[in-house]
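Okay, structure first, notes after.
Residue numbers (this note's numbering): 148 to 429.
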């Protein structure tokens, strides 16, 4: 029988630990605070900001919201982000992206201190992920994958892990994080020759290609653990599905994360975990 690796138990465990850590920090006069920077009124950004704010308030992390016009000039936004980054009352900053087309994200992101980059968007944070040094924070979605694997007691050391996807948000950083845990890692993508066979040989399969239900029965083996990072709109335009064909995985792999209810459930908790960790380093 396939084990369903639900995100909620992981979320609950993280929240309980964070509440204890926050109480300890509060007793020392430190109040973990997240600054959320939003440019414009994109519905998905507004919804995500609302969700993060609500989750933060539930466990005791303060939130300061910074809203700017979608027409803001690049230099002005960069200066504003620099001010927020330099604010000692802010311990972590979440910049909602993508930014409007007229803004160069790379230039703006340079204004954010790595110590407050809780979603791994700066070059320095990514350098920390790739070098293995402890500065900055990894992208939250990549970290959520590792958190789920560890929570469910899935052995990583010496295991063959295959990552389908090479983005800076998930594919590349999660591969580096798996290497840090002594897994043997192969990074694949949609152009990889004989992709199904390579995936089928994996002990741990991370699906992050961004293609709905593209990982099907050809990719699985019965002892495999599958982490589905994808969030896609199904053929009917309403139902959310992952990169993995869940119906094909269920009953044919050892364990799999659902979509929704899997990696995405844990991602925001990782963001807040990074904020609390950053506050503890001050």
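The C-beta atom is built at its ideal place from N, Cα and C for all residues, glycine as well.
| Query | Result |
| --- | --- |
| The beta strand (DSSP E) that contains residue 213, what's its start and end? | 209-215 |
| Assign residue 282 to one of two classes, buried (16 or more other C-beta atoms within 10 Å of its C-beta) or exposed (fewer than that). | exposed |
| If contact is defined by three or more beta carbon pairs under 8 Å, each pair taking one atom from either stretch, is the region 389-405 in contact with the region 365-379? | yes |
| Return helix, strand or coil for residue 301, following the three-state DSSP convention. | coil |
| For a quick check, are the C-beta atoms of residue 267 and residue 247 less than 8 Å apart? | no |
| Would residue 390 and residue 359 be called neighbours here (beta carbons separated by less than 8 Å)? | yes |
| Measuring CA to CA, which of 162, 261, 341, 256 is closest to residue 227? | 256 |
| What is the C-beta distance between residue 405 and residue 206, in whole angstroms, given that I count them as a contact (C-beta under 8 Å)? | That belief does not hold up - the Cβ atoms of residue 405 and residue 206 are roughly 23 Å apart, past 8 Å. |
| Which residue wins for smallest C-alpha separation from residue 221, given the options 352, 250, 157, 166? | 250 |
| Which first and last residues belong to the beta strand (DSSP E) in which residue 375 is found? | 372-375 |
| Under 8 Å between the Cβ atoms of residue 311 and residue 362? | yes |
| When the Cβ atoms of the region 269-283 are set against those of the region 293-300, are three or more pairs found closer than 8 Å? | no |
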